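Have a look at the structure below, then the notes.
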Amino acid sequence: MNEPQNLTTTQGSGAATVVGLGPMGRAMALALLTAGHRVTVWNRTAGRADGVVGEGAVLAATPGEAVEASDLVLLSLTDYQAMYDVLGGVTGSLAGRTLVNLSSDTPERTREAAAWAAGHGATFLTGGVMVPAPMVGTEAAYVYYSGPGRAMRTHEPVLALLGTPRYLGEDPGLAQLMYQAQLTVFLTTLSGLMQATAMLGAAGMKARETLPELLSTADSTSDILRAGEENPGAALDAGEHPGDLSTVTMMGATSDHIVETGRALGLDLALPLAVQSHYRRAIDDGHGGDNWTRIIDGIRAPR
Numbered sequence: 011m012n013e014p015q016n017l018t019t020t021q022g023s024g025a026a027t028v029v030g031l032g033p034m035g036r037a038m039a040l041a042l043l044t045a046g047h048r049v050t051v052w053n054r055t056a057g058r059a060d061g062v063v064g065e066g067a068v069l070a071a072t073p074g075e076a077v078e079a080s081d082l083v084l085l086s087l088t089d090y091q092a093m094y095d096v097l098g099g100v101t102g103s104l105a106g107r108t109l110v111n112l113s114s115d116t117p118e119r120t121r122e123a124a125a126w127a128a129g130h131g132a133t134f135l136t137g138g139v140m141v142p143a144p145m146v147g148t149e150a151a152y153v154y155y156s157g158p159g160r161a162m163r164t165h166e167p168v169l170a171l172l173g174t175p176r177y178l179g180e181d182p183g184l185a186q187l188m189y190q191a192q193l194t195v196f197l198t199t200l201s202g203l204m205q206a207t208a209m210l211g212a213a214g215m216k217a218r219e220t221l222p223e224l225l226s227t228a229d230s231t232s233d234i235l236r237a238g239e240e241n242p243g244a245a246l247d248a249g250e251h252p253g254d255l256s257t258v259t260m261m262g263a264t265s266d267h268i269v270e271t272g273r274a275l276g277l278d279l280a281l282p283l284a285v286q287s288h289y290r291r292a293i294d295d296g297h298g299g300d301n302w303t304r305i306i307d308g309i310r311a312p313r
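My numbering puts the first residue of the sequence shown at 11, with every later residue one more than the last.
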């Protein structure tokens with residue numbers, strides 16, 4: 011996978027269309043309007059456009075009208091099937107447009123969508139917005155993109171208004187893959203926080219008391235993982251798992267204790283058992299003395 015990069019840009023049209031006006035779509039439309047761009051919007055439920063229309067957006071009557079209003083069409087939909095549902099009847103309007111699909115789906119379905127768009131004369135960029143809707147357009151916002159570099163260079167000035175663009179390469183599946191990888195970390199962290207909150211709640215402790223403590227651990231985890239490694243991930247790339255600090259055996263014993271505690275408290279054990287299985291696999295494979303990162307082998311090659 012290529013490293014994220016910012017491209018040298020050439021100015022494209024300032025007009026943009028936003029299709030899909032959930033919280034994210036509305037946030038993107040407002041960011042573009044705030045920057046002074048002409049924005050056309052469409053949503054299956056037209057009433058959702060009221061707020062952005064009040065700020066200056068133009069509400070298209072049909073998907074075809076929305077697409078034809080701008081060279082740059084941003085899609086913020088539930089998934090890629092929704093793109094076909096919305097645009098499938100107006101494919102004659104797609105030629106010459108750049109579709110930027112910021113919806114979540116699988117990398118393979120993303121590649122299929124790029125081929126579908128190309129078959130109708132459109133250019134396709136994949137996007138993955140890595141912040142919640144209230145942060146779109148702020149300095150903290152960033153968005154992964156992949157697809158044709160020329161299209162990225164043309165439209166980057168407009169796309170940068172949503173968040174800092176991080177371009178991963180020509181393969182349209184790469185931005186989707188990065189998005190899903192990031193959400194793997196995010197969703198697993200959320201489940202871990204709720205598992206831990208439930209554990210403490212079983213002892214009568216209130217979430218308002220315990221969650222701040224747990225969040226401090228989540229906040230410090232990245233610093234802990236960076237400690238002692240100048241280039242995080244370099245040892246993994248080299249296949250090195252030095253067991254001089256946290257070994258598989260040590261972390262595995264901890265995972266056993268978590269499972270035992272959860273069982274005693276009568277909690278759901280799906281998450282703790284999944285974590286425990288990673289360490290037991292590594293131990294069974296003879297890697298108990300290696301660093302905990304050795305669990306990646308079992309994840310890469312499940313039995």
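All C-beta atoms, glycine included, are put in the ideal place defined by N, C-alpha and C.
No experiment lies behind these values; they were computed from the predicted model shown.
{"Asked": "Cβ pair residue 182, residue 123 closer than 9 Å", "Found": "yes"}
{"Asked": "Residue 208 to residue 187 span [Cα, whole Å]", "Found": "31 Å"}
{"Asked": "Cα-Cα separation, residue 284 to residue 164", "Found": "45 Å"}
{"Asked": "Inter-residue CB distance, residue 154 and residue 137 (contact presumed, cutoff 8 Å)", "Found": "7 Å"}
{"Asked": "First and last residue of the uninterrupted alpha helix (DSSP H) at residue 52", "Found": "Careful: residue 52 lies outside any alpha helix (DSSP H), inside the beta strand (DSSP E) at 49-52."}
{"Asked": "Residue 266 and residue 286 closer than 9 Å at C-beta", "Found": "yes"}
{"Asked": "Short Cβ contact (9 Å threshold) for residue 54 with residue 96", "Found": "yes"}
{"Asked": "Range covered by the beta strand (DSSP E) that runs through residue 87", "Found": "Looking at the DSSP string, residue 87 is not in any beta strand (DSSP E), and its letter there is neither H nor E."}
{"Asked": "Residue 201, DSSP secondary structure in three states", "Found": "helix"}
{"Asked": "Residue 78 versus residue 113: straight-line alpha-carbon distance, rounded", "Found": "21 Å"}
{"Asked": "Within the stretch 109-176, ranges of the alpha helix (DSSP H) (whole runs, at least 4 residues)", "Found": "117-129, 159-169"}
{"Asked": "Three-state secondary structure (DSSP) of residue 72", "Found": "coil"}
{"Asked": "Beta bridge counterpart(s) of residue 26 as assigned by DSSP", "Found": "49, 82"}
{"Asked": "Reduced DSSP category for residue 257 - H, G, I as helix; E, B as strand; rest coil", "Found": "strand"}
{"Asked": "Proximal residues to residue 289 (C-beta, below 7 Å), its chain only, five neighbours per side dropped", "Found": "258, 261, 262, 265, 305"}
{"Asked": "Residue range of the unbroken alpha helix (DSSP H) whose run includes residue 33", "Found": "33-44"}
{"Asked": "Environment of residue 98 [buried if 16+ CB atoms lie within 10 Å]", "Found": "exposed"}
{"Asked": "Residue nearest to residue 117 in terms of C-alpha spacing, selected from 191, 52, 235, 195", "Found": "191"}
{"Asked": "6 Å CB neighbourhood of residue 22 in its chain, flanking five on each side removed", "Found": "Note on residue 22: pLDDT 41, under 50, position unreliable in the model; the coordinate value appears next. Within the same chain, residue 22 has close Cβ partners 164, 165."}
{"Asked": "Selection from 223, 88, 130 that minimises the alpha carbon distance to residue 115", "Found": "88"}
{"Asked": "Rounded straight-line distance, which links the Cα of residue 221 to that of residue 195", "Found": "18 Å"}
{"Asked": "Beta-bridge partners of residue 301, as assigned by DSSP", "Found": "257"}
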